[in-house]
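Each protein sequence line maps, in turn, to chains A and B.
This note's numbering applies: residue 272 is where the first sequence begins, and numbers increase by one.
This note's numbering applies: residue 114 is where the second sequence begins, and numbers increase by one.
Backbone N, C-alpha and C define an ideal beta-carbon position, used for all residues, glycine too.
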Amino acid sequence: MALQTPTLELAGVAPMLATPASAARGYWQSVARRLRRDPVTVVCGVVLLLIVISALAAPWLGLADPYKTSMIRRLRPLGSPGFWLGSDELGRDMFARLIYGGRLSLFMGVTPVVCALLIGGTLGITAGFLGGRVNMLIMRIMDVFYAFPSVLLAISLSGALGAGAENTLLALTLVFIPPICRVSESVTTQVRGFDFVDAAKASGAGAFTIVRVHVLGNVLGPILVYATSLISVAIILAAGLSFLGLGVKPPEPEWGLMLNTLRQAIYVNPVLAALPGVMIFMTSICFNLMSDGLRAAMDVKA
Amino acid sequence: MLLYALRRLIYLVPVAFGVSLLVFALVHLAPGDPISAIVPPDAPKEVIDKLKEYYGFDKPLPVQYFRWLAVTLTGDLGTSIGTGRSVATEVGSAFGNTIILAISACLLAFSLALILGTAAAYAKTRIVDRLVTSIALVGVSVPHFWLAIVLVIIFSVENRWLPPMGLGPENATGWRLDWPHIQHMILPTIALSVIPLGVMTRTVRSTIKEILSMEFVTALQAKGMNDRQILIHVLKNAAPTCLAVMGLQAGNLIGGSILIETVFAWPGTGFLLNSAIFRRDLPILQGTTLVLAFFFMMLNLAVDIIQTTVDPRIKRG
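In structure tokens form, the structure reads like this:
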């Protein structure tokens with residue numbers, strides 16, 4: 272769950288910068304084609320789609336009530352009649368809770384990255400494009416956040432803010448802004464050095480127009496690829512915070528929280544206690560492979 | 114060299130100032146005031162006011178900050194609201210335990226990553242490369258706190274091979290290098306090492322692959338050197354990049370051991386932080402975060418300096 276150094280992430284992305292913005296449409300089409308031809312990415316995409324759709328459509332799938340407790344049907348093993356994935360420590364249907372759990376777990380993982388992408392991306396592009404003092408100011412503030420190990424920052428922030436889903440979202444967003452900002456800043460600085468930016472300036476285009484027309488098309492790809500690589504980290508971190516009791520509160524179904532409450536059951540029904548982690552693992556590995564596939568598909572000259 | 118180190122150190126001053134500001138803000142981000150968390154809700158107002166005055170919470174924020182900073186700079190991190198003991202002592206003893214675990218996890222992760230990554234980069238068959246890449250992928254994707262639980266289930270619940278929690282045998286004080294203590298360390302070490310193992314394996318593999326495609330390798334081969342002699346040159350060139358990532362991973366491992374320490378009840382900084390959060394012991398939360406962030410900064414500085422020392426290509430600009 273450690274954030275990798277953005278500079279390393281950038282290594283593979285640099286050749287893409289040579290793609291002129293005017294060819295963007297053809298470029299994205301070729302990226303989509305490459306993605307479709309990559310079997311690993313396709314399989315991961317399908318698995319993720321299944322998890323997302325079943326989580327969203329959970330109320331209409333005819334599942335058991337994920338909140339309905341039963342004192343006499345606690346910790347049923349896998350394959351019991353009526354509970355084919357068993358029941359948890361309060362007698363709630365495990366299968367229903369795992370499916371419903373995807374709602375919060377995915378939401379808590381994806382939202383911070385999206386928010387951080389918007390905020391960090393804007394800050395980074397601003398810093399990279401304007402340079403000078405603005406760059407100094409923004410990047411030095413980011414350095415302060417970089418002085419903390421990412422997990423520590425997330426836990427200290429949500430620990431201070433108190434338990435709750437909103438605070439977890441806030442803490443995780445704050446954790447992911449600096450790395451996205453750094454990546455955005457460094458790609459923007461590279462793009463700013465190209466002749467077409469100078470040409471646009473010479474032709475009298477305003478800063479906003481240059482960013483919108485010439486810069487954004489060239490930097491969005493690398494920033495997006497980097498952001499997707501953060502999703503799996505975010506999902507694990509969000510689940511981790513809930514696992515510590517800092518995130519989602521019971522009785523909501525959420526994979527990290529389920530791992531926490533089922534921990535007391537490891538002596539009674541160990542397989543059951545490990546199930547929520549399998550869901551986290553599966554989701555995170557799919558996001559990682561998808562991100563790798565996306566990177567490979569975009570790491571080419573059109 | 115010394116000048117470079119000094120310059121980097123001076124550069125850290127504004128960052129350290131920002132860090133202290135953020136850590137100070139942690140306490141004031143908390144809902145309600147820090148005192149209300151520890152006194153019963155029906156406590157008389159005089160008692161609350163007296164406590165506020167004792168802890169200095171009655172002053173305006175900027176005054177509180179500079180007073181706190183001045184005291185902190187002397188090495189005094191305040192008093193734990195929960196136990197009444199000095200925060201510095203509590204964090205100090207926990208930090209030692211965290212470091213012990215971190216060192217063993219780093220040793221395991223880095224040595225394995227070096228072997229696996231090099232093997233994958235040199236692999237003539239795709240199977241070896243695929244296998245290593247998969248291990249690395251699992252390393253970066255697995256929720257390590259879940260892996261910790263799975264390890265406990267396999268090695269402590271199903272089979273009584275290893276103890277499920279604690280620093281050492283009961284009634285033992287502090288960590289010692291003997292067999293019972295090492296037994297307690299095995300599971301947490303494995304659980305803690307998976308992330309750095311994954312990240313480092315990826316780094317080592319891609320760095321060595323890149324170096325192997327460079328012209329100087331062909332030149333060495335043409336000169337008649339054998340693979341083993343060339344490997345030394347390759348590793349020398351891979352060292353700076355790997356060192357940089359290693360430093361970052363080591364720091365993240367220390368900061369990120371909170372979840373693992375909680376699962377194994379390992380009495381380190383993470384465990385301390387976690388219990389402080391639930392007792393709303395804000396001085397401990399503040400102190401632990403500050404010490405860990407400071408250590409992380411120093412570690413990054415050290416890596417930076419080592420990197421410039423071993424790699425003459427980096428200009429000390």
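Contact defined as beta carbons within less than 8 Å: I believe Pro420 (chain A) pairs with Val454 (chain A). What is the distance between those atoms, to the nearest angstrom? Translated into the one-based positions of the first sequence, residue 420 (chain A) becomes position 149. Translated into the one-based positions of the first sequence, residue 454 (chain A) becomes position 183. The distance from the Cβ of Pro420 (chain A) to that of Val454 (chain A) is about 19 Å, inconsistent with a contact at the 8 Å cut-off.
Leu365 (chain A) to Val311 (chain A), Cα distance in whole Å? Residue numbering aside, residue 365 (chain A) sits at position 94 when the first sequence is read from its first letter. Residue numbering aside, residue 311 (chain A) sits at position 40 when the first sequence is read from its first letter. Correcting the residue type first, residue 365 (chain A) is Met in the shown sequence and not Leu. The straight-line gap from Cα to Cα measures roughly 29 Å.
Pick out whichever of B:Met338, B:Leu244, B:Pro127, B:Ala233 has its Cα sitting closest to the Cα of Arg411 (chain A). Translated into the one-based positions of the first sequence, residue 411 (chain A) becomes position 140. Ranked by Cα distance from Arg411 (chain A), the first of B:Met338, B:Leu244, B:Pro127, B:Ala233 is B:Pro127.
If you draw a straight line from the C-alpha of Thr211 (chain B) to the C-alpha of Leu394 (chain A), how long is it? Position 98 of the second sequence, counted from the start, is the residue given in the question as residue 211 (chain B). Position 123 of the first sequence, counted from the start, is the residue given in the question as residue 394 (chain A). Cα to Cα, the separation comes out at about 35 Å.
Examine chain A for any beta-carbon lying closer than 8 Å to the beta-carbon of Trp259 (chain B), and answer yes or no. Against the second sequence, residue 259 (chain B) aligns to sequence position 146. Yes, contact with chain A.
Note down, in chain order, every chain B residue with its Cβ under 8 Å from the Cβ of Arg411 (chain A). What you label residue 411 (chain A) is simply residue 140 of the first sequence in a count that begins at 1. Those within 8 Å of Arg411 (chain A) in chain B are Pro127, Val128, Gly131.
Relative to chain B, which residues along the segment 507 to 522 of chain A have a C-beta separation below 8 Å, given in chain order? If the cut-off is 8 Å between Cβ atoms, the segment 507 to 522 of chain A has Ile507, Ala510, Gly511, Phe514, Leu515, Gly516, Leu517 near chain B.
Taking a Cβ distance cut-off of 9 Å, strictly less, list which residues of the segment 278 to 306 of chain B are near chain A, in chain order. Cβ contacts with chain A come from no residue of the segment 278 to 306 of chain B.
Identity of the residues DSSP links to Phe479 (chain A) by a beta bridge: As a working mapping, residue 479 (chain A) is identified with position 208 in the first sequence. Per DSSP, none; premise fails for Phe479 (chain A).
Residues from the segment 394 to 423 of chain A in contact with chain B, defined by Cβ distance under 9 Å: Answer in chain order: Arg411, Ile412, Asp414, Val415, Phe416, Tyr417, Ala418, Phe419, Pro420, Ser421, Val422, Leu423.
For a test of the three-state rule: what should DSSP assign to Ser319 (chain B), helix, strand or coil? Counting from one through the second sequence, the residue named residue 319 (chain B) turns up at place 206. DSSP, reduced to helix, strand and coil, places Ser319 (chain B) within a helical segment of the structure shown.
Residue from A:Met407, A:Gly372, A:Phe447 whose Cα sits closest to the Cα of Leu423 (chain A): Taking the first residue of the first sequence as position 1, residue 423 (chain A) is located at position 152. Of A:Met407, A:Gly372, A:Phe447, the smallest CA-CA separation from Leu423 (chain A) is found for A:Phe447.
Could you spell out the range, first to last residue, of the alpha helix (DSSP H) harbouring Ile537 (chain A)? Position 266 of the first sequence, counted from the first residue, corresponds to residue 537 (chain A). No alpha helix (DSSP H) holds Ile537 (chain A); DSSP gives it neither H nor E.
Can you list, in chain order, the residues of its chain whose CB lies under 7 Å from that of Val241 (chain B), leaving out five sequence neighbours each side? Reading the second sequence from its first residue, position 128 is the one you call residue 241 (chain B). Apart from sequence neighbours up to five positions away, the residues of its chain that approach Val241 (chain B) with a beta-carbon distance below 7 Å are Ala232, Ala233, ordered along the chain.
Nearest to Leu395 (chain B) (by Cα), restricted to the options A:Ala431, A:Ser376, A:Asp359, A:Gly475: As a working mapping, residue 395 (chain B) is identified with position 282 in the second sequence. Among A:Ala431, A:Ser376, A:Asp359, A:Gly475, the Cα nearest to that of Leu395 (chain B) is on A:Ala431.
Can you tell me whether Phe354 (chain A) is helix, strand or coil according to DSSP? Mapped onto the first sequence, residue 354 (chain A) falls at position 83. Of the three classes helix, strand and coil, the one that applies to Phe354 (chain A) here is strand, per DSSP.
So, helix, strand or coil for Thr192 (chain B), using DSSP? Here the question's residue 192 (chain B) lines up with position 79 in the second sequence. DSSP places Thr192 (chain B) in strand when its eight states are reduced to three.
Using beta carbons (cut-off 8 Å, strictly below), is Ile324 (chain B) in contact with chain A? As a first step, residue 324 (chain B) is located in the second sequence; it is residue number 211 there, counting from the start. False, the Cβ-Cβ gap to chain A never drops below 8 Å.
Here's the rule: buried if 16 or more other CB atoms are within 10 angstroms of the residue's CB, otherwise exposed. What is Trp331 (chain A)? Against the first sequence, residue 331 (chain A) aligns to sequence position 60. Looking at its Cβ environment, which holds fewer than 16 other Cβ atoms inside 10 Å, Trp331 (chain A) is exposed.
Express the C-alpha separation of Leu220 (chain B) and Val423 (chain B) in angstroms, rounding to a whole number. The sequence position of residue 423 (chain B) within the second sequence is 310, counting from 1. The sequence position of residue 220 (chain B) within the second sequence is 107, counting from 1. A direct Cα-Cα distance of roughly 20 Å separates Val423 (chain B) from Leu220 (chain B).
Do you know how far the Cα of Val160 (chain B) is from the Cα of Met553 (chain A)? As a working mapping, residue 553 (chain A) is identified with position 282 in the first sequence. As a working mapping, residue 160 (chain B) is identified with position 47 in the second sequence. Rounded to the nearest angstrom, the two C-alpha atoms are 53 Å apart.
If distances are taken between C-alpha atoms only, which option among B:Leu344, B:Leu310, B:Phe170, B:Thr192 comes closest to Leu225 (chain B)? Here residue 225 (chain B) refers to the residue found at position 112 when the second sequence is read from its first residue. Nearest option by C-alpha distance: B:Leu310.
Is it buried or exposed for Val347 (chain B), if we count other Cβ within 10 angstroms and need 16 for buried? To locate residue 347 (chain B), count along the second sequence from 1; it is residue 234. It counts as buried.
In chain order, what residues of the same chain have a beta carbon less than 7 Å from the beta carbon of Thr320 (chain B), not counting five sequence neighbours either side? Position 207 of the second sequence holds residue 320 (chain B). Correct list, in chain order: Ala351, Thr354, Cys355.
Compile a chain-ordered list of the residues in the segment 429 to 440 of chain A whose CB is closer than 8 Å to at least one CB of chain B. Across the segment 429 to 440 of chain A, CB contacts with chain B closer than 8 Å involve Gly430, Ala431, Leu432, Gly433, in sequence order along the chain.
Tell me whether Ser199 (chain B) sits in a helix, a strand or coil according to DSSP, three-state version. Position 86 of the second sequence holds residue 199 (chain B). Three-state result, Ser199 (chain B): strand.
Is Asp291 (chain B) helix, strand or coil when you go by DSSP? Taking the first residue of the second sequence as 1, we reach residue 291 (chain B) at position 178. Note: Asp291 (chain B) maps to coil in three-state DSSP.
Alpha-carbon to alpha-carbon, Arg483 (chain A) and Val245 (chain B): Along the second sequence, one-based indexing puts residue 245 (chain B) at 132. Along the first sequence, one-based indexing puts residue 483 (chain A) at 212. Looking at the two C-alpha atoms, the distance is approximately 42 Å.
In chain order, what residues of the segment 398 to 411 of chain B put their CB closer than 7 Å to some CB of chain A? Along the segment 398 to 411 of chain B, going in chain order, the ones with a CB nearer than 7 Å to a CB of chain A are Leu398, Thr402, Leu405, Ala406, Phe409, Met410.
Proximal residues, the segment 537 to 552 of chain A versus chain B, C-beta separation under 9 Å: Within the segment 537 to 552 of chain A, those residues whose Cβ lies closer than 9 Å to any Cβ of chain B are, in chain order, Ile537, Tyr538, Pro541, Val542, Ala544, Ala545, Pro547, Gly548, Val549, Ile551, Phe552.
Could you name the residues of chain B that Ile426 (chain A) contacts, counting a contact when the two beta carbons are closer than 7 Å? Sequence index remark: in the first sequence, residue 426 (chain A) carries index 155 (1-based). Per Cβ cutoff of 7 Å: Ile371, Leu386.
Tell me the rounded alpha-carbon separation between Ala183 (chain B) and Lys172 (chain B). If you number the second sequence from 1, residue 183 (chain B) lands on position 70. If you number the second sequence from 1, residue 172 (chain B) lands on position 59. Distance between the alpha carbons of Ala183 (chain B) and Lys172 (chain B): 15 Å.
When Cβ atoms are compared, which residues of the segment 207 to 234 of chain B fall closer than 8 Å to chain A? So the list is empty, because no residue satisfies the distance condition.
Counting only runs of 4+ residues fully inside the segment 300 to 384 of chain B, write out the alpha helix (DSSP H) ranges in chain order. As far as the segment 300 to 384 of chain B is concerned, its whole alpha helix (DSSP H) runs of at least 4 residues are 328 to 336, 340 to 369, 371 to 377.
Are any of the Cβ atoms in chain A nearer than 8 Å to that of Gly430 (chain B)? Position 317 of the second sequence, counting from 1, holds the residue named residue 430 (chain B). In this prediction, Gly430 (chain B) has a pLDDT of 47, which is less than 50 and means its spatial position is unreliable; what the coordinates show is noted afterwards. Cβ-Cβ to chain A under 8 Å: no for Gly430 (chain B).
Please confirm if Ser245 (chain B) has its CB atom under 8 Å from at least one CB of chain A. Indexing the second sequence from 1 puts residue 245 (chain B) at position 132. According to the sequence displayed, residue 245 (chain B) carries Val and not Ser. Val245 (chain B) is outside the set of residues whose beta carbon lies under 8 Å from a beta carbon in chain A.
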